Amino acid sequence: MKYIALLYGEPGAGPAPGTPEFMKMLGEFQSATAAMADAGILVDSSPLQPPQTATTIRVRDGETQLSDGPFAEIKEQLGGYYILDCADLDMALRYAAMIPSARYGSVEVRPVMEMGPP
Amino acid sequence: MARLAGDLSLAEDCAQEACAAAVEQWPRDGLPANPGGWVVAVARRRALDHLRRESARSGKERGAVQEWAAAEPDGSAVAGDDQLALLFACCHPALDPAVRVTLTLRVVCGLPTASIARLLLLSEPAVAQRIVRAKRKMRDAGIRLRVPDPGQRPARLASVLRAVYLTFTEGHSPHGTSAVVRDDLCEEALRLARGLHQLLPDEPEVTGLVALILLTSGRSPARADQDGSLVLLTDQDRSRWDRERLDEGRSLVEAVLARHRPGPYQLQAAIAACHADAATAADTDWRQIAALYSELLRLDPSPVIEANRAVAVAYAEGPAAGLAILDTLAASSLLARWPQLHIGRAGLLARCGRHQDAIAAYHHALALEPVSAIRQHITGQIAALGAAPAPTRET
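Read top to bottom, the protein sequences are chains A and B.
Take the first sequence: its letters are residues 1 to 118, numbered as in our numbering.
Take the second sequence: its letters are residues 1001 to 1395, numbered as in our numbering.
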């Protein structure tokens, strides 16, 4: 079944860009992603641009409203995601734990709802 | 079959496929010698095929399938493991700790919702809701029914042990029944604990729990009199104790304590062993028991343990010393609604010669609606105190 791993972190929680620690963290992201790809479970994965680049859209009474930024002020920001196709939750959690965000922030693992044929 | 396939719906699908194959093949090839076994074997093969396809994604998962494939197909060898697989799934770390115990008691041990509610001090609808939500999460999040890999076992062990322990507690002092002991629950808890011990022989707390259950349930035959009324430890006919069970528990606890990795279940088992060793109530080594409770309190600082320590101190140093500890506890709101605390106070007040205070404490305990066996014991004590003239103070 498919799982999405949502990567959350407070701004500035991890190592600062340009430091050797930051480069090490990037390496850890790469090796986590490579391990998932080797296991044949990686469906998709990407970091996201920062929340300041977000635009939130609402349609109310047929009228489209746009606002700058994410829909709510939250301390932990969504920074990226992985979609994994795993045999069970244990397997998904095992791979999610390899993602460095789990150490600096948190990774929410959620099953993707399986939709039957229409 | 459900454990083999790791999920209930897959097991059902494969069993249906096997039955369909039987309908097709038996008229053609003749009835097999063991039709039931044939269906199970075919269903098993289908499930393994399915799992092999799934597991081709990961080398690690392949190992697990090979392990299952090596198991005996008649199912007898895995019957115990089925229960354990269910137990570990119910205690999955992805479930909230409180939910794990609730789910285990309902799904693995088959306790009714009402009993679980009383055991966990929750309302019945709250328990029912927890169970519904937990089952939904297990299904939708993909929590499999299987014994976890060795590396994942310790993380789940604490809640598995607690669920087994609470099952035993319910059996040893049951709610919602007039019975003093419910052997079925005690035996169920012992069976689960033994199964865990077989699986994890090097986990000291698992051994400790098996020993604790053996040493406590070994006293059960003397816990009720001929009328089915509760008999307290001090008044029990010790010749009715199950010596074989007590001896097994004692040797287990001695061996595990020698490994110097103490934990709450091992210490409670050691306390139970002190009682088992005493030929009469008067021979009980209360100083040793008080010391073990102090150690237990250090690992698990809870007011209930402090209350038990107070009773041991009362026997070791005199009732006034124990009463002082219980009075402090009764003043805190945490235990104010726990009948046993007031029963303990009443007993010590009586031994201090304060009969009226003792009767008041017993009434306080009755007002908190203890289980019926305890209620009977309390009314007996009140009658005895009311009839007896105030004795001279104990020295």
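Even for Gly, the Cβ is constructed at its ideal location relative to N, Cα and C.
Note that the structure is a prediction, hence the values are computed from the model and not measured.
Residue i, enclosing beta strand (DSSP E) - first and last residue
i	result
L1095/B	Where L1095/B is concerned, there is no enclosing beta strand (DSSP E), given that its DSSP letter is neither H nor E.
E63/A	E63 to D68
R103/A	From DSSP, R103/A is part of no beta strand (DSSP E) but of the alpha helix (DSSP H) over S101 to Y104.
S45/A	L42 to P47
Q77/A	Q77 to D85
G9/A	K2 to G9
Sequence-distant residues of its chain with Cβ nearer than 7 Å to residue i (five each side left out)
i	result
C948/B	Because chain B spans 1001 through 1395 in this model, residue 948/B falls outside it and cannot be assessed.
A1269/B	G1208, A1211, L1212, L1215, G1249 and V1253
W1241/B	G1218, R1219, P1221 and A1222
R1245/B	L1214, S1217 and G1218
A1350/B	A1358 and L1385
Proximity winner among the options, relative to residue i (alpha-carbon distances)
i	options	result
H1363/B	R1351/B, R1345/B and A1189/B	R1345/B
L1334/B	L1349/B, A1321/B, A1258/B and A1307/B	A1307/B
S67/A	D61/A, M98/A, P51/A and E76/A	P51/A
A1205/B	L1267/B, P1370/B, V1313/B and R1375/B	The amino acid occupying residue 1205/B in the given sequence is Glu; Ala does not appear at that position. Per the Cα distances, L1267/B.
P15/A	P111/A, I74/A and R103/A	R103/A
V1093/B	V1107/B, A1255/B, A1141/B and I1116/B	According to the sequence displayed, residue 1093/B carries Pro and not Val. Nearest C-alpha to P1093/B: A1141/B.
G1110/B	L1121/B, L1230/B and L1086/B	L1086/B
L1329/B	A1310/B, R1375/B, L1366/B and T1167/B	A1310/B
L6/A	G27/A, L78/A and C86/A	L78/A
G40/A	C86/A, M98/A and S106/A	C86/A
D1202/B	L1326/B, A1331/B, R1287/B and P1262/B	P1262/B
Q1226/B	A1179/B, Q1198/B, L1166/B and Y1265/B	A1179/B
T53/A	F71/A, L26/A and E63/A	F71/A
R1106/B	I1116/B, A1098/B and P1097/B	I1116/B
P100/A	M1/A, Y3/A, Y8/A and I4/A	Y8/A
Cutoff 6 Å; reference residue i; Cβ partners in own chain excluding five residues on either side
i	result
D1237/B	A1222
A1193/B	V1164, L1209, V1210 and I1213
Q1376/B	S1229
T1234/B	A1281
L1121/B	none
T1379/B	none
8 Å CB neighbourhood of residue i in its chain, flanking five on each side removed
i	result
A1305/B	Contrary to the premise, residue 1305/B reads as Ile rather than Ala in this sequence. Excluding positions up to five away in sequence, the list reads Y1293, L1296 and L1297.
T1284/B	C1274, H1275, A1278 and Y1315
Where residue i sits in the DSSP three-state scheme
i	result
T56/A	strand
E1067/B	Its pLDDT being 39, under 50, E1067/B is placed unreliably by the model, and the measurement read from it follows with that caveat. Reduced to three states, the DSSP call for E1067/B is helix.
E1116/B	The question names Glu, yet the displayed sequence has Ile at residue 1116/B. It is helical.
R1191/B	helix
R110/A	strand
A1222/B	helix
L1087/B	helix
L1230/B	strand
G1263/B	coil
P1073/B	The predicted position of P1073/B is uncertain, since its pLDDT is 37 and thus under 50; no value can be drawn from it.
S1332/B	coil
D1149/B	coil
C1186/B	helix
G116/A	coil
Residue range of the alpha helix (DSSP H) that includes residue i
i	result
D1140/B	E1124 to A1141
T1104/B	That residue, T1104/B, is in no alpha helix (DSSP H); it is neither H nor E in DSSP.
V1253/B	R1243 to L1257
E21/A	P20 to D38
T1379/B	S1372 to A1387
E1317/B	P1303 to E1317
A1350/B	P1339 to R1351
P1204/B	P1204 to S1217
D1357/B	H1355 to A1367
Q: Compile a chain-ordered list of the residues in the stretch 88-100 of chain A whose CB is closer than 8 Å to at least one CB of chain B.
A: D88, L89, D90, M91, A92 and L93
Q) Which residues, taken in chain order from the stretch 101-114 of chain A, show a beta carbon closer than 9 Å to some beta carbon of chain B? A) V109, R110, P111 and M113
Q) Which residues, in order along the stretch 35-48 of chain A, keep a beta-carbon less than 7 Å from a beta-carbon of chain B? A) A39, G40 and I41
**Q.** Where the stretch 1088-1115 of chain B meets chain A: residues whose CB sits under 8 Å from a CB there
**A.** H1092 and A1094
Q) Given a limit of 7 Å on CB to CB distance, which residues of the stretch 1125-1147 of chain B reach chain A? A) D1140, A1141, G1142, I1143 and R1144
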